[in-house]
Ligand code: SF4
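In my numbering, the protein residues as written are 993 to 1201.
Encoded structure:
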């Protein structure tokens, strides 16, 4: 099963298939893989030992960034993610980024986000929409309407512990007006840049995850 894979010159970590959302644009709905592998559907949720073993045996030549992303929400296994990040930092100079829905406070209420400090270099958070109702229609989180503010709160709070934080949207059927509102939300409410990702439906050669 694929725990690590290469995509657009970076190394990606696929540590879970769990996710409390069902985003309209989720690439999982359109195929089984991204990058240089056949499937990102895991046979089982990998243990710390399995992940470390896969990391050690992976050809990391020329790679300087590891992204926790994959076919699931990596922060569903937040404590494990940080253990793995700590190991990677001890073995390499790789920059470490986490791509997340920003809902860790709802997924794992006891998780202390200050533990990101020194272990995670960058966080990319899915803003997805300019208000809670639109967010619900795009993201379908199982926690309902409070999800949006939980995500915004995480985006603001994590900046104290991680030097490089950004928000993202996917341009699937959003429209110019909504994109502008998202830019305002990101800048004025969170003090963060907004990255606009293009919607893809296949394993194309474009960094989009
Ligand atoms: S949060 Fe990520 S993995 Fe989960 S449904 Fe949305 S895009 Fe897919």
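By construction, the Cβ of each residue, glycine as well, lies at the ideal position given by its N, Cα and C atoms. Note that the coordinates shown come from a computational prediction; the quantities given were computed from them, not determined experimentally.
Quick check: residue i and residue j, are their CB atoms within less than 8 angstroms of each other?
i	j	result
residue 1147	residue 1184	yes
residue 1178	residue 1186	yes
residue 998	residue 1028	yes
residue 1119	residue 1174	yes
residue 1101	residue 1007	no
residue 1091	residue 1107	no
residue 1071	residue 1002	no
residue 1182	residue 1137	no
residue 1079	residue 1105	no
residue 1113	residue 1087	yes
residue 1162	residue 1189	yes
residue 1017	residue 1109	no
residue 1011	residue 1131	no
residue 1180	residue 1122	no
Mind checking which residues open and close the beta strand (DSSP E) that includes residue i?
i	result
residue 1111	Looking at the DSSP string, residue 1111 is not in any beta strand (DSSP E), and its letter there is neither H nor E.
Taking residue i as the reference, which of the options has the closest Cα?
i	options	result
residue 1083	1101, 1116, 1052	1052
residue 1037	1005, 1096, 1154, 1191	1005
residue 1126	1135, 1140, 1134, 1114	1140
residue 1030	1039, 1015, 994, 1022	994
residue 1103	1085, 1068, 1111	1068
Alpha helix (DSSP H) containing residue i: first to last residue?
i	result
residue 1047	1040-1049
residue 1148	1138-1149
residue 1206	Given a span of 993 to 1201 for the chain in the structure shown, any question on residue 1206 remains unanswerable.
residue 1162	Not the alpha helix (DSSP H): residue 1162 falls in the beta strand (DSSP E), residues 1156-1162.
residue 1175	1168-1176
residue 1128	1124-1131
What residues are listed by DSSP as bridge partners for residue i?
i	result
residue 1005	996, 1060
residue 1096	Partner(s): none; residue 1096 has no beta bridge.
residue 1026	According to DSSP, residue 1026 bridges with nothing at all.
residue 1188	1161
residue 1089	1059, 1114
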